[in-house]
Every structure is written in structure tokens, then in C-alpha cells.
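Residue numbers (our numbering): 296 to 442.
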């Protein structure tokens, strides 16, 4: 655990051999290069353990989907909006899909109004990544979290 200062390579290897440990270079681009005398298998295990911990802490972005219809009732809309905001707060992306049934496709403006309302009421939590686009009998858009 103590620092030995600048030591020749031969002396460092001899010290490592004497303690039955390995000489491991930890900072190659430093001048002079920094090495440690330690058990390499234990060092490698600790590094992998740190990587696993870092990977656990990362948030994986999921694509959630919310399905609605153009003639959605107010309470149902509020439930879907609350769900959308909850997903955005968890840093997930949301695909909002609006489905037309039967002759509803003739009144696309009703569907666009519903989607525009979702956009307007979720602006403080997220932003539109893919604007509403008609795909067959549905209009879909993607909203991503802010930050």
C-alpha cells in the first residue's frame, strides 16, 4: 500500500516476485507510467465488479405504448395522461397510438385534436420526438422525456 516512488522496471519486477504478486500497469499514459504490485486476478475481479455496479445504476430507456381512440371520454383521457406523465417521469419514451374504427377515419381532425391535447398537457415533462403521422388506420407519435 505504500508508494515507492520512481523505481526501475527490474527492481519493480523483483519486488513483485518477492511478494508473490503481479506488477500491473494502472496508468500507461502518465509520465512515468504508474504501476502497482498486486494480485492480478483479484484486481481483475474488482474491476469487473465495478463495471457491473455501474451498469446496474444506468437507466434503460423503454418504449411504452398508450392506445386511445378519437372519441375518448374525459375521465379515460385523464387516466391515460396520468399514465403518460408517470412514464415520462421514469425517463421512458411513449408511443401514443390513436386508432380509428369504421368510419371514424373520415374525421381525422378529431384524432389530431386528442393528440395535440396530449402534447400540450405533457410539455413540462417531455417533448415530441416524432410528430403525429397517419399510418394506415392509426395516427402515432413518440414523446420522449426531458433532460
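We treat Cβ as the ideally placed atom computed from N, Cα and C, and that holds for glycine.
Two segments are said to touch when three or more pairs of C-beta atoms, one from each, lie closer than 8 Å; by this definition the stretch 343 to 360 does not touch the stretch 305 to 318. As for any alpha helix (DSSP H) of minimum length 4 sitting wholly inside the stretch 352 to 432, the runs are 369 to 384, 403 to 416, ordered along the chain. The alpha-carbon of residue 407 is positioned some 38 Å away from that of residue 352. Within the DSSP secondary-structure output, residue 440 pairs in a beta bridge with 421.
Rounded to whole angstroms, residue 303 and residue 327 show a C-alpha spacing of 11 Å. Relative to residue 372, the option among 391, 322, 323, 384 whose CA is nearest is 391. If only uninterrupted beta strand (DSSP E) runs of at least 3 residues are considered, those enclosed by the stretch 312 to 340 are 317 to 322, 329 to 333.
Ranking 300, 398, 310, 319 by CA distance to the CA of residue 337 puts 319 first. In the DSSP assignment, residue 434 is bridged to 393, 429.
When the alpha-carbon of residue 366 is set against those of 358, 376, 409, 432, the nearest one is in 409.
The beta carbon of residue 357 sits closer than 6 Å to the beta carbons of 387 from its chain, once the five residues preceding and following it are set aside; these are given in chain order. Residue burial annotation: residue 427 is buried, with at least 16 other C-beta atoms found within 10 angstroms of its C-beta. Cβ atoms of residue 437 and residue 425 come within 8 Å of each other, at about 4 Å.
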